[in-house]
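If you're matching positions, the sequence shown starts at 134 in the working numbering and goes up one per residue.
Positions of the beta carbon are idealized from the N, C-alpha and C atoms, including for glycine.
Please read these numbers as outputs of a predicted model, since none were measured by experiment.
Working notes for the structure below.
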Amino acid sequence: NNHMWDWGGEALLDTVRILKSNGIIPIGAGEDELSANGSVVRKVGSTKVAFLAYTTLYPHSLEASGNKPGISRFDEDAIAAAIGAVRQNADIVVVSLHWGEEYESNANAEQKRIARTLIVAGADIVVGHHPHVVQEVERYGNGLIFYSLGNFVFDQNFSDATMEGLMMEVTIIDGSIITARQIPLKISPTFQPYIPEL
Numbered sequence: 134n135n136h137m138w139d140w141g142g143e144a145l146l147d148t149v150r151i152l153k154s155n156g157i158i159p160i161g162a163g164e165d166e167l168s169a170n171g172s173v174v175r176k177v178g179s180t181k182v183a184f185l186a187y188t189t190l191y192p193h194s195l196e197a198s199g200n201k202p203g204i205s206r207f208d209e210d211a212i213a214a215a216i217g218a219v220r221q222n223a224d225i226v227v228v229s230l231h232w233g234e235e236y237e238s239n240a241n242a243e244q245k246r247i248a249r250t251l252i253v254a255g256a257d258i259v260v261g262h263h264p265h266v267v268q269e270v271e272r273y274g275n276g277l278i279f280y281s282l283g284n285f286v287f288d289q290n291f292s293d294a295t296m297e298g299l300m301m302e303v304t305i306i307d308g309s310i311i312t313a314r315q316i317p318l319k320i321s322p323t324f325q326p327y328i329p330e331l
């Protein structure tokens, strides 16, 4: 996301190491160009799900290149090619995008264009974050687009909208999305998420 370089390359590498040492494989950033632009495929039941991640909010100078650490490269043609490549080994492709305008409750035209382009390229689900507020959910063709999930664990108590988030529950059978359920979240005064309906 747009804070990955807040403390420089050493902190980025430290974050990657800590995640890996705890069994979490990071996507969207890495020790070098190959790892930063890589994907993760996980098998859930009989379904293989591939994950890719990018941000539209950084200059290209902060992208990983060669042996230099950094974030993944946001290039729509390269992302479309990556979707096609992971599709060979996955039933479902999820693309995570850090993008959009902060505190705007509607996706902008560029978010819509990019998300729809990625669905056409073969992504099944596009998940957005960064605006700090929930944005709309769209079914586009056979794909699902969650433009912004809002906040989850975050200390922005200056508005009701920033104290809300959205979880998604997607049911997949035989490699196809069957249902998608939105689960609204609230954030407590101590900044912990909870499901109000429970």
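I'd like to confirm the pairing. Which residues does DSSP put opposite residue i in its beta bridges?
i, result
"P326", "I320"
"V266", "DSSP lists no partner for V266."
"Q315", "M301"
"S309", "I306"
"S205", "DSSP, once it has assigned bridges, lists no residue as partnering S205."
"Y273", "G276"
"L282", "V267"
Buried or exposed for residue i, please, with buried defined as at least 16 other CB atoms from any protein chain shown within 10 angstroms of its CB.
i, result
"H136", "exposed"
"I151", "exposed"
"I306", "exposed"
"V266", "buried"
"I157", "exposed"
"G199", "exposed"
"Q221", "exposed"
"S172", "buried"
"H262", "buried"
"G178", "exposed"
"F207", "buried"
"D210", "exposed"
"W232", "buried"
"D293", "exposed"
"G163", "buried"
"F279", "buried"
"E297", "buried"
"Y191", "buried"
"Q244", "buried"
Since residue i and residue j are thought to touch, with beta carbons under 8 angstroms apart, how far apart are those beta carbons, to the nearest angstrom?
i, j, result
"V259", "A248", "5 angstroms"
"T180", "I252", "With a Cβ gap of about 18 angstroms, T180 and I252 do not count as contacting."
"L230", "T189", "7 angstroms"
Return the first residue and the last residue of the alpha helix (DSSP H) that residue i is part of.
i, result
"R246", "242-253"
"D210", "209-220"
"S154", "141-154"
"L167", "166-169"
Between which two residues does the beta strand (DSSP E) containing residue i stretch?
i, result
"K176", "173-177"
"T304", "297-306"
"K181", "180-188"
"I225", "225-231"
"I278", "276-279"
Handout entry: Segment contact, 8 angstroms Cβ cut-off, at least three pairs: the stretch 174-189 with the stretch 213-224
Key = Segments in contact, yes.
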